[in-house]
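In UniProt numbering, the protein residues as written are 1 to 381.
We put the beta carbon where it would ideally sit given N, CA and C, even for glycine.
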């Protein structure tokens, strides 16, 4: 958008536009040009009547052409920004913008890649909008090699492949990668035989960008030391809707006899968040190319959040950090790291102590339930 005016108030935007030099906008006010004004809001909904009122407020604009709602020559855009929390928008907008719309973005991709129509999804399949955002944060270019080490149903691979990356992933969940878990759709009783990450890629015409997905415990590295990825994008499990696990056992001196090795299914133990993110950053520092990016989600309790408590690695620079609010107590940060140097072959900095997110999550949820029960009891009395 070519920005002509912006203000913290609606009145401020109109005041600026009334004082805007005509010679700078005369090119778009000609009699032989059709036009329309679009009204957009961020994190708040307007009724059609409210939108019309916003449009009519610009009646002072010196436009000479005819209104045309479909395919006009010129589009003027009016935007009111109400923050990033759709559950509690303010009464008045934080910022208001007005200008000439230059071109559309790729928002249609959100619908094109909708989970509603996707062949294979899981309980934690990433929303297409967030998947595309992560691919943008990773600055994926055609021909890049992209890894998701906690791939699940492969939503992030779809977005990465759309921007031209060759994609692969790993996950410890054998049943998920082989589409043998319980279906996530309420109306689906059992999974279809052809459900898979590869089927998703084929659905969008991206199967030529698909390398493979492998069953792998991320805590046990099997990659060659010299392999390099252009970007790593991932949403590690937090222990809420998906378990945080790695191969291991609490038993001492546990061995498996040779005759049972071929059919042995390894036991799993909890993969703590501190260890998981330490390993993820260490892996990225080692296997990203210089300048390559790691984009990942990190869960937090909002009241405890401090940026210096985020996972760190000497070879990685935190270049972007944004928040998605989940509920009153929790949110998750979308973290983007850029590899600045090769890792030093010494003991890295100590692991950040990350509070057990799963335990605190359920503790807070239980407290909320108690509060609700007490409130209902008081209302009855």
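Item	Value
Residue 339 lies in the beta strand (DSSP E); which residues open and close that run?	330–339
Buried or exposed: residue 75, going by 16 or more other Cβ atoms within 10 Å of its Cβ?	buried
Can you list, in chain order, the residues of its chain with a C-beta nearer than 7 Å to that of residue 95? Leave out the 5 residues immediately preceding and following it.	6, 8, 81
If we define contact as Cβ-Cβ less than 7 Å, is residue 238 a contact residue for chain B?	This model lacks chain B altogether; it includes just one protein chain.
Among the residues of its own chain, which have a CB less than 7 Å from the CB of residue 3, if the five just before and after it don't count?	97, 99
Which residue from 77, 61, 21 puts its Cα closest to that of residue 29?	61
DSSP state of residue 300, grouped into three classes?	strand
In three-state DSSP terms, what is residue 36?	strand
Measure the Cβ-Cβ separation of residue 115 and residue 159 and say whether it is below 7 Å.	no
Pick helix, strand or coil for residue 151, following the three-state DSSP scheme.	coil
Which class does residue 166 belong to by DSSP, given the choice of helix, strand or coil?	strand
Excluding the 5 residues preceding and the 5 following residue 145 in the sequence, name in chain order all residues of the same chain whose CB lies nearer than 6 Å to its CB.	166, 229, 230
In or out: residue 70 buried (at least 16 other Cβ within 10 Å) or exposed?	exposed
On the DSSP letters alone, give me the boundaries of the beta strand (DSSP E) that residue 5 sits inside.	2–7
Judging by CA-CA distance, which residue of 187, 287, 311, 26 is the nearest neighbour of residue 334?	311
Should residue 47 be labelled buried (16 or more other beta-carbon atoms within 10 Å of its own) or exposed?	exposed
What does a CB cutoff of less than 7 Å around residue 37 pick up in its chain, not counting 5 residues either side in sequence?	55, 58, 76, 78
So is residue 222 buried or exposed if we call it buried at 16+ other beta carbons inside 10 Å?	exposed
Using a Cβ-Cβ cutoff of less than 6 Å, which residues in the same chain neighbour residue 93 once the five nearest sequence positions on both sides are dropped?	80, 81, 82
Residue 126 bridges to which residues according to DSSP?	Answer by DSSP bridge pairing: none, since residue 126 is not bridged.
Which class does residue 198 belong to by DSSP, given the choice of helix, strand or coil?	helix
Could you pull out every residue in the same chain whose Cβ sits closer than 6 Å to the Cβ of residue 10, ignoring the five residues on either side in sequence?	96
In angstroms, rounded to a whole number, what distance separates the CA positions of residue 197 and residue 18?	55 Å
Would you call residue 195 buried or exposed, if buried means 16 or more other Cβ atoms sit within 10 Å of its Cβ?	buried
Sorted by chain position, which residues of the same chain lie with C-beta nearer than 7 Å to residue 202's C-beta, five sequence neighbours on each side aside?	none
Checking 7 Å against the spacing of the C-beta atoms, do residue 325 and residue 173 come in under that value?	no
With DSSP as the reference, label residue 274 as helix, strand or coil.	helix
Quick check on the burial criterion: 16 or more other C-beta atoms within 10 angstroms. Buried or exposed for residue 24?	exposed
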